[in-house]
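Residue numbers for the sequence shown follow the numbering used here, beginning at 640 and rising by one. Backbone N, C-alpha and C define an ideal beta-carbon position, used for all residues, glycine too.
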Amino acid sequence: MKNCFPLLLLFFITGYSAYSQTVLPVPPNISSAYTKGTRDLSGAAGKNYWQNSADYQLKIEFDPVTRLLKGKVIIDYMNNSPDTLRQLVFKLYPNLYQKEAMRTVPVSAADLTSGVKINAVTINNQTQDSTKRIIRSTNMYVRGVKTPPHEKVHVEIDYSYILNEGSFVRTGQIDPGAFFIAYSFPRIAVYDDIDGWNEYPYTGRVEFYNDYCNFNAEITVPGDYQVWATGELQNINEVYSEKIAARITESGKSGEVIDITTVQDIKSGMVTRKNRTNTWKFKASHVTDLAFAISNHYVWKASSLVVDPVTQRRTRVNAVFNPEHKVFEPVINYAHKTVAAMSYQFPALPFPYPHITIFEGLDAMEYPMMVNNLPFEDKQETIQFTMHEIFHTLFPFYVGVNETKYSFMDEGWATLSEFLLYPMVDTGQFKHDISDINKYSGTEEDLPLMTLTSQLSGKARYMDKDLKPALGLHYLKEMLGDKIFLKGLRYYINEWAGKHPTPYDFFYAMNTGTGVNLDWFWKSWYFEKGVPDLAIKKVSSKGASHTVVVGNVGTSPIPIHLNVLFTDGSRQFLNSSIACWKDGKRSFTFHFSAKKQLKKIVLGDDFDADVNPLDNIWEAR
């Protein structure tokens, strides 16, 4: 019996799909989680699920002239795991700019530094000898620290580093009076039930995986600078003038756009308290990170809305930007409408945080409660990226997916939000470019979606982490219908809010939440190197009876959308969801009646991927 247990486990994991005889391949590090009961085949966290957490106290001083950041971080880290931890692994994300660090993005020589300087480390009030720590790129290992199960360890680190002036990669100087400062403190890496310590280095391209923690931050900057950050400002009246503090309070109660700080306010010097420096205090609970931004010349627009009609809880929406960049002015309205659409239409769950701040920077990147967006010249791009980055609030922040390994688990949803939310935010015509999937599907660079993000590169990278997962979800939504699809999505979100799901948790949660076994779709779309290619194979007519045969020339399940045009100028639409390919069929036949003469049939719509559009048109001869 003992020798048969792995086979029984495999049966229970894959036998969940027995109705369709589809088997999802499960790697050993994932299957062991089901054995231990930390994960459940229902898609919920298992009865033995655990995750570690910490309380962070941050004291940061930043000099905008020298770009020197000095900090002290105090960490009370709780080991909720059943394992005794015999070392601590830290993330030093600013070491992306360290001379010797591994990188997958270009950094100019002028921005290379010696990295994060660790001045002192104490653990449980004992000073650690520097020989006990090893720094390898963005990972720091502290040896000889033993933390038994369900015990805490107290860590204090004094550190400093020079923020990059150029080579902006999610953080750095925007202009001499504006800075977006992310990943600014040493933090303990995730230790989880799947891989143990998260030792993946940050190389600039892949993104992040952090524990849910509580943060209390004190950020000291020159007196003429404002600070925006993850969490809620605790000392408004100590850092802002009475006039500005009153506007902030008003914006939290009003649906109208309020100019909290204007060019005139800044010129008059009446925005912040007139001190040499001000210390800004922020508090954030159960979030995966804390980022902040500062400026001495940006203006601030804000409004708020009720996101939860039951509790009447409101979220404030902020847009903070260089007043010279007029293209940023409508962002406040786009952001407000996005938060409303997420709360009431898709996925129709109350926006989970007290604010979302869109800060003008040199990137398009998300952080808890913060977004750093470029001032895009094109209106569609501005709306698209505003929606996309705000939607990341749900994934990877509210639902703590591991972006480092599985970027499709958040980028796919954020890209899908562009398809779905655009009509709710703007009345203009939305055209999404899906050409990458048509260019690169099936090529040597293309890889299955389940490929770890760190292994993706080249032209197909965007397709496999953003576009293809978004289109797959779009097709799945069409097949299930809005009601059932949303039921599955909400089940997944509710089960994994504040936790760390794997792709399998997502697959199983959607199966359970929808009540539909979707393993055939997961296997085809996520595990196989599929090629989307449909073709009109045959058209025949006999009187008023017409037949159209569509073939699946490729290997991916793609919905069928036929636009049938008649010689009298009228048209008819024939559609079938991806369900028509569920049982491995290679062709699907439409029969329809029309007392009209066929002129032309066109296969596919703007969201239907197809590597060979030449066989998607039939014309009568």
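Local conformation of residue i per DSSP, three classes
i, result
"L751", "coil"
"G908", "coil"
"D715", "strand"
"D1207", "coil"
"G811", "strand"
"Y992", "coil"
"D1247", "coil"
"L649", "Only weak support exists for where L649 lies, its pLDDT of 42 falling under 50; the value from the coordinates is given anyway. It is helical."
"G1127", "helix"
"G1169", "coil"
"L1095", "coil"
"E968", "coil"
"Q1023", "helix"
"F1069", "coil"
"R826", "strand"
"I933", "strand"
"P1252", "helix"
Buried versus exposed call for residue i [16 or more other C-beta atoms within 10 Å across all chains shown]
i, result
"E1028", "buried"
"V1170", "buried"
"V1187", "buried"
"S904", "Per the sequence shown, residue 904 should be read as Asp rather than Ser. Label assigned to D904: buried."
"E846", "buried"
"N837", "buried"
"V808", "buried"
"N874", "exposed"
"H1230", "exposed"
Same chain only: Cβ atoms within 6 Å of residue i, ignoring 5 sequence neighbours per side
i, result
"E999", "F960, N961, F967, P1014"
"F1030", "A1053, S1056"
"A684", "K1138"
"Y688", "T677"
"D1065", "I1022"
"R742", "T842, G843"
"W939", "I899, T900, V959"
"N935", "G816, D863, Y864"
"P1035", "E1042, D1049"
"A932", "F819, W867, F998"
"L697", "V712, F824, A856"
"Y992", "M1008"
"W1164", "G1111"
"L1253", "none"
"V829", "N837, Y848, D850"
"D1244", "H1200"
"A980", "L1060, M1063"
Close beta carbons around residue i, own chain, < 7 Å, minus the five adjacent residues each side
i, result
"R725", "K785"
"M1118", "S1216, I1217, A1218"
"S656", "Summary for S656: the model assigns pLDDT 37, below 50, so the residue's position carries little reliability; its value from the coordinates is reported in the next sentence. So the list reads V662, L663, N1156, D1158, once near-sequence residues are dropped."
"I801", "R706, L707, T752"
"V978", "L944, V946, T954, V956, F990, I995, I1029"
"V1192", "D1172, L1173, A1174"
"N1012", "I997, E999, G1000, A1003, F1024, T1025, E1028"
"S890", "I897, I899, A941, S942, S943, R955"
"F1005", "Contrary to the premise, residue 1005 reads as Glu rather than Phe in this sequence. Correct list, in chain order: E1028, H1031."
"H925", "Y851, N853, G1137"
"K771", "V781, R782, G783"
Counterpart residues of residue i in DSSP-defined beta bridges
i, result
"V938", "F960"
"F701", "L708"
"Q765", "I762"
"W1267", "Outside the displayed span of the chain (640 to 1260) sits residue 1267, for which this structure offers no information."
"Y879", "T911"
"Q726", "R782"
"H1200", "N1214"
"Q865", "S934"
Own chain residues within Cβ distance below 8 Å of residue i, not counting five before or after
i, result
"P986", "L1033, L1125, L1128, R1129, I1132"
"G682", "Y1130, Y1131, E1134, D1144, F1145, F1146, Y1147, A1148, M1149, N1150, T1151, G1152"
"L1086", "Q1094, L1095, A1099, D1103, K1168"
"T766", "A759, V760"
CB-CB length for residue i against residue j, believed under 8 Å
i, j, result
"T900", "V910", "5 Å"
"T761", "E804", "With 8 Å as the limit, T761 and E804 do not qualify as a contact, their Cβ atoms being about 32 Å apart."
"L1213", "L1204", "12 Å between Cβ atoms; not a contact."
"I1199", "A1248", "That belief does not hold up - the Cβ atoms of I1199 and A1248 are roughly 13 Å apart, past 8 Å."
"L1237", "A1259", "5 Å"
"S1080", "V1250", "5 Å"
"Q737", "S799", "Not confirmed; about 13 Å, so no contact."
"D715", "A748", "Wrong, their Cβ atoms sit about 40 Å apart, outside the cutoff."
"D797", "N758", "4 Å"
"S1209", "K1235", "7 Å"
Residue i: CB within 6 Å of a non-hydrogen atom of the ligand SAH
i, result
"V956", "As for the ligand SAH, it is missing from this structure, which has no ligand bound."
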